[in-house]
Ligand SMILES: [Zn+2]
């Protein structure tokens, strides 16, 4: 009985923290997002907004998905926003904990609230390079300068030693599937947040030398695909 009380308390705490911190995450996930007019055969069209902080954006998607699942389980109206769902769930903790999937719900809530706190208060001089390559783990990997310089990092959850480059490569493949793009300055800042160093000037030089081609323009500045910049870095 003690154990189930502990579980209830932890879930209560995690849901409160998710609800309180979610607005700040929404801000970070939307940060610097810009709308880019892209040229195509039929004329120009608009894409965006484009997440600059991919880690925060992905975390937001995971948390919103969890809120939708909670809302469905508790038969809330689908129009409720996630903050409201987490707060509303506090009044149904016993129902939730009686469900066969209670353990997994508690685990997801706890993991999400831990990840969220970490995004809002990142350890100094650390960057989130991506997720653990172990498919059963997928913990976020935060690296300091030492890890980045050595090229290796150890997952805090499963203990797997992983190549920094491999994690970054997977992250860039994801970015490519979303068509993430930006000006040389945008991309340089975005990659720096993920522990990848490429100067704005270097990207511009690659364009001048024909190594990468812009895919559009924003306020008169060329816009590139983040994937093209990554390929140029690793050519
Ligand atoms: Zn791991």
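Numbering (this note's numbering), first residue to last: 25 to 259.
Positions of the beta carbon are idealized from the N, C-alpha and C atoms, including for glycine.
Since this is a predicted model, take the numbers as computed values, not measurements.
Within the same chain, 196, 199, 200, 204, 205, 206, 211, 214, 215 come within 8 Å of residue 250 by CB-CB distance, once the 5 residues on both sides are set aside. Contiguous beta strand (DSSP E) elements confined to the stretch 135 to 163 occur at 151 to 155, taking only those with 3 or more residues.
Distance check between residue 164 and each of 186, 101, 241, 126 places 186 closest, using alpha-carbon atoms only. Annotation for residue 107: 43, 46 place their beta carbon closer than 6 Å to its own, counting only its chain and skipping 5 residues before and after.
Distances from the CB of residue 158 to the heavy atoms of ligand 1 include at least one below 7 Å. Remark: the shortest separation between the CB of residue 167 and any heavy atom of ligand 1 does not fall under 7 Å.
DSSP places residue 168 in no beta strand (DSSP E); its state is neither H nor E. With respect to the C-alpha of residue 51, the residue from 81, 222, 209 having the closest C-alpha is 81.
Annotation: residue 178 is outside any alpha helix (DSSP H); the continuous beta strand (DSSP E) that includes it extends over 176 to 178.
Distances between the C-beta of residue 139 and the heavy atoms of ligand 1 are all 7 Å or more. Around the beta carbon of residue 189, a 10 Å sphere encloses fewer than 16 other beta carbons of the protein chains shown; the residue is thus reported as exposed.
Judged by the Cβ position, residue 184 qualifies as a neighbour of ligand 1 at the 7 Å threshold, a heavy atom of the ligand being closer than this.
For residue 241, the enclosing beta strand (DSSP E) covers residues 240 to 242.
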